[in-house]
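> For the sequence shown, the numbering used here assigns the number 256 to the initial residue and increments by one for each residue that follows.
From the three backbone atoms N, C-alpha and C, an ideal C-beta is built for every residue, glycine too.
First the structure, which I've put down as C-alpha cells, then a few questions once you've had a look.
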Amino acid sequence: MYTLRDYQQQAVDNTLAHFRKCQRSAVIVLPTGAGKSLVIAELARLARFPILVLTHVKELVEQNADKFKNMGLTPGIYSAGLNEKNLLEQVTFASIQSLARNIDGLERVYSLIIIDECHRVSNEKDSQYAQVIKQLQKNNPTLKVLGLTATPYRLNTGWVYHRHYHGYVRGQEDAPFSDCIFELPLRYLINKGFLTPPKMVDAAVEHYDFSALLGGGGRPTEGDLNALLTNSTRATKAIINDVVSQAQTRKGVMIFAATVAHAHEIYSYLPEGDAEVIIGDTASAQRDKIINEFKQRAFKYLVNVSVLTTGFDAPHVDFIAILRPTESVSLYQQIVGRGLRLDKGKTDCLVVDYAGNGFDLHHPEVGTKRPDPNSEPVQVECPGCGFANLFWGKKDAQGQVIEHYGRRCQGLLEDDEQSQQCDFRFKFKECPSCFEENDIAARQCHHCHVQLVDPDDKLRKALNLKEALVLRCSGLSCDVTATGKLKMTYHDEDGATVDEFFDLTNPKVNAVFNKIYSKRHTAADINRWHSAEQVIAHQHLLNWPDFVIAKKSKKYGWQVSDKLFDYQGSYRRANTEY
C-alpha cells in the first residue's frame, strides 16, 4: 500500500473539489517522475462508480494498472497490445486505440474518464479521444473528464487547457480541457529529493547550429535536418567521442537524435555491442526486447528519435545527450526528465545539450513558439489589470525589457458569477469600421463582424501602384519642427526614409497619435503621450511599424497613408532572411 506524497494528495483533493463544484473538464500538471500513476490509482480507488483510465501506449496502461494492483485492488485491462479485453471491473485501464476500434461495445455507464498524457488530446471532433468521449456521454451526460500530463503545451496546437487555477488564461476557449486545477514545478521535486538532481554541462566540443532552420516560418522538415547534418559528419563523430568519454562512469545513456538517418549515424560511432536504436518504425516486439534489455543494463547506449520522450521509465539512466533541436521548453523538460528518476547509487544525471537549444531546465513554458534564439521569458505587467504576463522577449544589459512578443493580457478577471480574460492587447489589428482592437491574426472584427483587410492585400496593392512607396521599416527617429510639430521619420533597411508629422497640441491629432502609439511602447509608466518633447525623450521605447505605405502628393511629396504593425504575413520584414 502506498502513502501519497503531499502534492499527490493535494492533486487528488483539488480534483474532488473541482468535480463537486462543476462539470468542466480538468487537467493536472505533474512533471515527469512526480508519480502521476499514483494519483490516478488513488482517484480510481476512491471512485464509487465505474471509471476508465485511458492512454496511448500499452506500457502506460500496464504501468498504471500495476500501481492500482499494488493497492490490493483488481483492475480491468483493455488493450490489444497486452492481449486483454476486460471491461467488467469497476476500474478499467485501456488503450485509446483498442477502445476506439470497438466503440460500439461501450455500453456501460462510466462516471469519470482519466486520460494520462492528455497533451495528446486534440480538439478535432473526429479524433479517437473525441469519439470515445462522445459515445460515453450518450450513456452518461454528466460524464467527467480529467487529464494528466507533464507537458500541457504543444507547438502545433498550443495549450491543452483554457484557464489556470492561479487566475490566468492559457489556451483558447475551445481548448480540449477547460481548467488546470493543479500544477507542480519541476524545481520543487528536485529540491525535495523526489527526483535526481540534473548536472547540466556545456558541450566541450563543437555543437550543431540549428538556428538557421529554427528561425524560419515553420518547423524544419526531416529533409532540412538531414541536409544540415550531412554537412556535420565531423561534428557528429566528435560529439559521440565526447559522449563515450563522459559516459565511462555512467550506467545508462540516452541519446536523442534529430532524424532516423542521424540516429543510425550516431549508432555507427558507438561501441559495438553496447548500443541499440529505437525509431518510430521499430517493430513492437523488437522495441519491447530492446527496452527490456536496456532496463536490465545489457547495453549502455540507447539512441532514439522522438519515441521515448513519454511513457518510458528506466531509473538507472544517468546521462542524457541531446543531439536534436527543439523549440519547446516542455519537450526539453520531457527529454531531460528521462534521466531524473531516483535509483540506488545514483547521485546525479549528466545532461549535455549538443544542439545548442539554450533552455534552462526550470524555464517556465511561455506558450508560444520561441521567436528567435536570442529571446528569453520576460515578465510584462498589464497596464489594464496589473497581471504579470510571461512572454518571449528581450532585455537590455540592465535587465529591463526592451521588446516582447505578447499579444494579449493573460489575466483572468473574476467576480462572484463568472470570469473573463482581460481585454488589453499589446499587439492588435484595428478594425477600420469600428476601431475595435482585434487579434493580429483575426480575419473578422470580433465586435462589428466586418471583414478585416488582409495586410498582404494592402502591400500587394501598394506595390502595384506607381505613385506609392512601401518601406520595409527597420527603425524610427523623432524630432520637433520649427512650428512645434512632432516629426516621425521611418527608416527603410536600405536607407530610404519617409516623414510623418503630428501636431500634438491639437486634441484630435493627439487622440489619433495615442490611438496608434499609446500601447506600442515598452515604458511601464507612460499611459499617454502628451507632447512632442515627451515622445522625443522616450523615442527609443517606441515600437515602429513593420511596413509604412506612402503615397505621392504633388504639393507635399510622399505622405504616409498606412502603417502595418505586428505583421504576420508572407512578405519579409526588415532585417530578416527571405
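DSSP three-state call for P762: helix, strand or coil?
helix
> Please say whether V415 and C373 have beta carbons closer to each other than 8 angstroms?
yes
> Pull the bridge partners of T752 from the DSSP assignment, please.
H746
> Could you tell me if G666 is buried or exposed, where buried requires 16 or more neighbouring beta carbons within 10 angstroms of its beta carbon?
Buried is the call here.
> Three-state secondary structure (DSSP) at P710?
Note: P710 maps to helix in three-state DSSP.
> Please classify K810: does DSSP put it in a helix, a strand, or coil?
coil
> Quick check on the DSSP output: the alpha helix (DSSP H) that includes Q593 runs from which residue to which?
Going by the sequence as given, residue 593 is Arg instead of Gln. Looking at the DSSP string, R593 is not in any alpha helix (DSSP H), and its letter there is neither H nor E.
> Pick out whichever of L578, F323, N644 has its Cα sitting closest to the Cα of S607.
In the sequence as presented, Ser is not what sits at residue 607; that position holds Val. The candidate whose alpha carbon is nearest that of V607 is L578.
> Identify, in the order they occur along the chain, each residue of the same chain with its Cβ nearer than 7 angstroms to the Cβ of T329, setting aside the five sequence neighbours on each side.
Excluding residues within five positions, the ones whose Cβ falls inside 7 angstroms are E344.
> Using a threshold of 8 angstroms, state whether the C-beta atoms of M326 and R300 are closer than that.
yes
> Thinking C-beta only, is T752 closer than 8 angstroms to T744?
yes
> Taking the alpha helix (DSSP H) that Y365 falls in, what are its first and last residues?
Where Y365 is concerned, there is no enclosing alpha helix (DSSP H), given that its DSSP letter is neither H nor E.
> Considering just the uninterrupted stretch of the beta strand (DSSP E) at F511, what are its terminal residues?
Start and end: 507-511.
> If you draw a straight line from the alpha carbon of W784 to that of N765, how long is it in whole angstroms?
Cα to Cα, W784 sits roughly 8 angstroms from N765.
> Select from D749, P710, D464, N378 the residue whose C-alpha is nearest the C-alpha of S280.
N378
> Could you tell me which residues DSSP pairs with Y262 in its beta bridges?
Paired residues: none, contrary to the question.
> Which full runs of the beta strand (DSSP E) of 3+ residues lie inside the stretch 388-428, going along the chain?
Qualifying beta strand (DSSP E) stretches, in chain order: 399-404, 416-419.
> What are the start and end residues of each continuous alpha helix (DSSP H) run of 4 or more residues lying completely inside the stretch 766-811, in chain order?
787-792
> Just to confirm the assignment: which complete alpha helix (DSSP H) runs, minimum length 4, are found wholly within the stretch 300-373?
List check, alpha helix (DSSP H) in window: 313-324, 351-356.
> For T736 and I791, what's the separation of their Cα atoms in angstroms?
Going from the Cα of T736 to the Cα of I791 covers about 12 angstroms.
> Can you give the Cα-Cα distance for T537 and D529, rounded to whole angstroms?
18 angstroms
> Bridge partners for K550 per DSSP, in chain order?
None; K550 has no bridge partner.
> By DSSP, does S539 sit in helix, in strand, or in coil?
helix
> So, L605 versus R442, is the Cβ gap smaller than 8 angstroms?
no
> Does DSSP put A652 in a helix, a strand or coil?
Reduced to three states, the DSSP call for A652 is coil.
> I think T451 touches R260, with their Cβ atoms under 8 angstroms apart; what is that distance to the nearest whole Å?
Not a contact, Cβ separation roughly 16 angstroms.
> Give me, in chain order, the residues of the same chain whose beta-carbon lies closer than 6 angstroms to that of F437; leave out the 5 immediate sequence neighbours on both sides.
A266, N269, I283
> Please identify the residue among D371, Q427, N644 whose C-alpha is closest to the C-alpha of A405.
Minimum Cα-Cα distance from A405 among the listed residues D371, Q427, N644 corresponds to D371.
> Assign D573 to one of three DSSP states: helix, strand, or coil.
Strand, per DSSP.
> Report yes or no: do three or more beta-carbon pairs, one from the stretch 311-326 and one from the stretch 358-366, lie closer than 8 angstroms?
no
> Name the residue from K601, F757, A430, I771 whose alpha carbon lies nearest to the alpha carbon of R680.
I771
> Using 8 angstroms as the cut-off, can you tell me whether the stretch 480-490 makes contact with the stretch 459-466, which would need three or more C-beta pairs spanning the two stretches below that distance?
yes
> Name the DSSP bridge partner or partners of Q699?
Q706
> What is the DSSP secondary structure of F646, reduced to helix, strand or coil?
In the three-state reduction of the DSSP assignment, F646 falls in the strand class, which pools E and B.
> My output table needs one value for V584: the three-state DSSP class, helix, strand or coil.
helix
> Leaving out five residues before and five after A697 in sequence, what residues of the same chain have Cβ atoms less than 7 angstroms from its Cβ?
The beta carbon of A697 lies closer than 7 angstroms to those of K684, L707 in the same chain, with the five residues before and after it left out.
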